[in-house]
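One structure is given below, encoded as structure tokens.
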Amino acid sequence: MKLVRYGNPGKEKPGLIDANGVLRDLSAVIKDIGPDQLSDAGLAKLAKLKTDKLPAVKGKPRMGCPVNGVRKFIAIGLNYADHAAESNLPIPKEPIVFMKATSCIQGPNDPVMLPKGSKKSDWEVELGVVIGKQARYVSQKDALSHVAGYCTIDDVSEREFQIERGGTWDKGKGCDTFGPIGPWLVTRDEVPNPQKLDMWLDVNGKRMQTGNTKTMIFSVAKIISYVSQFMTLEPGDVITTGTPPGVGMGMKPDAIYLKKGDVVTLGIEGLGEQRQEVVAFKL
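In the numbering used here, the protein residues as written are 10 to 292.
Dropping the structure here:
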């Protein structure tokens with residue numbers, strides 16, 4: 010299934026995209042798409058619905074983040090060897106874990122706002138993983154059974170804040186609007202192998218990133234198992250799993266960063282596409 014939340018910010022309704030690409034309203038079936046709906050039993054119930062009987066939604070409403078109530082937004086850094094190389098950083102021996110603020114989460118096509126004082130805001134197409142069942146000290150073998158589904162994420166990053174301002178990476182990763190998620194949450198039954206997904210990102214129509222999740226250093230199963238040793242993963246938690254090469258910071262001979270008016274488009278095979286216009290900072 011392709012589950013969505015659509016409508017104005019803060020007033021999103023639950024929905025799904027049927028086999029013909031039609032948006033269907035789920036409001037009469039569930040209140041929202043959040044932790045309580047992401048269990049195997051909850052998703053199985055939705056899978057039994059006769060989608061052609063659900064109300065079709067007219068027009069092209071705004072898409073919000075497909076999951077409500079995200080408590081943890083966890084990120085993995087330098088998870089593609091060629092991205093580590095373009096960043097002039099060593100290949101990590103263990104997954105690099107940091108957090109993105111949940112307040113940065115937004116819809117896939119909402120504008121990205123440059124933070125105040127930003128000079129080096131950058132893009133990163135990434136595979137997102139949404140947890141459906143509590144995970145604590147899980148094995149790699151069992152890790153994927155704890156996944157509700159997968160989604161496209163743009164891990165927008167301010168490199169000066171992240172790298173040059175000292176401390177952890179978090180301060181360059183959690184700025185408002187820096188977490189576009191969606192358009193869909195694709196349930197895990199439709200993604201039999203998350204390590205074989207093509208991914209891409211364009212800026213102003215020019216291809217910047219081309220990759221495939223098969224080149225991850227640490228697989229999705231490894232990441233879930235690893236992170237679950239240090240914190241309990243709960244239904245609705247989101248993990249964004251790293252980016253392939255082609256970020257602005259790594260451009261040669263000179264780095265390229267986002268500016269007002271730029272348009273970023275990105276997508277992952279089977280998981281949908283995003284489009285963000287870059288806008289100036291405002292309170």
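Heads up, the beta-carbon is just placed ideally off N, CA and C, and yes, glycines get one too.
The structure displayed is predicted, hence computed values, not measured ones.
For residue i, three-class secondary structure by DSSP
i	result
I26	strand
R6	Residue 6 is absent from the model: the chain starts at 10 and stops at 292.
Q171	helix
C160	strand
D271	coil
D131	strand
L52	helix
G181	helix
M72	strand
M260	coil
T196	strand
Start and end residues, alpha helix (DSSP H) containing residue i
i	result
Q149	Q149 to A152
Y235	V229 to V236
E95	A90 to E95
Continuous beta strand (DSSP E) stretch holding residue i: start and end
i	result
I39	Unbroken run through I39: none, as it is neither H nor E.
L58	Premise fails: L58 is in no beta strand (DSSP E) and is neither H nor E.
R284	G281 to V288
T249	V247 to T249
Residues of its chain near residue i, where Cβ-Cβ distance is below 7 Å and the 5 sequence neighbours each way are ignored
i	result
C74	R14, I114, Q115, G116, I190 and G191
V212	W132, D271 and V273
P72	Correcting the residue identity first, residue 72 is Met in this sequence and not Pro. Cβ within range, chain order: V13, Y15, G116, P117, N118, G191 and P192.
E167	P124, S127, K129, S130, G181 and C184
K268	V287
Residues near residue i by beta carbon distance below 6 Å, same chain, minus five either side
i	result
F82	K109, T111 and V247
V165	V121 and F187
M265	It is Ile, not Met, that sits at residue 265 in the sequence shown. Same-chain partners within the cutoff: G257.
T196	M10, L52 and G158
G183	K109, A110 and C113
P101	L87
Residue i - partner residues in DSSP beta bridges
i	result
I190	I162
M10	According to DSSP, M10 bridges with nothing at all.
T219	W209
I100	I100 pairs with nothing; no bridge assigned.
I4	The chain is shown only over 10 to 292; residue 4 falls outside these bounds and no answer can be derived.
G86	I105
I140	V156
Q115	P189
M225	Y89
V122	Checking the sequence, you will find Met at residue 122 rather than Val. The partner list for M122 (beta bridge, DSSP) reads V288.
A110	Answer is none; A110 lacks a bridge partner.
Cβ-Cβ separation, residue j to residue i (assumed contact under 8 Å), whole Å
i	j	result
P64	R33	7 Å
G137	H155	Not quite, the Cβ-Cβ distance comes to about 15 Å (not below 8 Å), so this is no contact.
A152	I233	4 Å
T60	R145	That pair is no contact at about 35 Å.
L275	Q283	5 Å
Nonlocal neighbours in the same chain, by C-beta distance under 8 Å from residue i, ignoring five residues either side
i	result
L55	M10, L12, L25, L35, V38, I39 and Q46
G279	V195, E199, V200 and L206
D91	T224, P253 and P254
Q204	T222, K223, M225, S228 and V229
D49	G141 and K142
V79	T111, I114, G245, D246 and V247
F239	V106
Residue-level contact to chain B via CB, residue i, 8 Å cutoff
i	result
T60	Absence of chain B from the displayed structure is noted, only one protein chain being present.
Check: residue i C-beta below 7 Å from any heavy atom of the ligand FAD
i	result
S154	The ligand content of the structure shown is nil, which means the ligand FAD is not present either.
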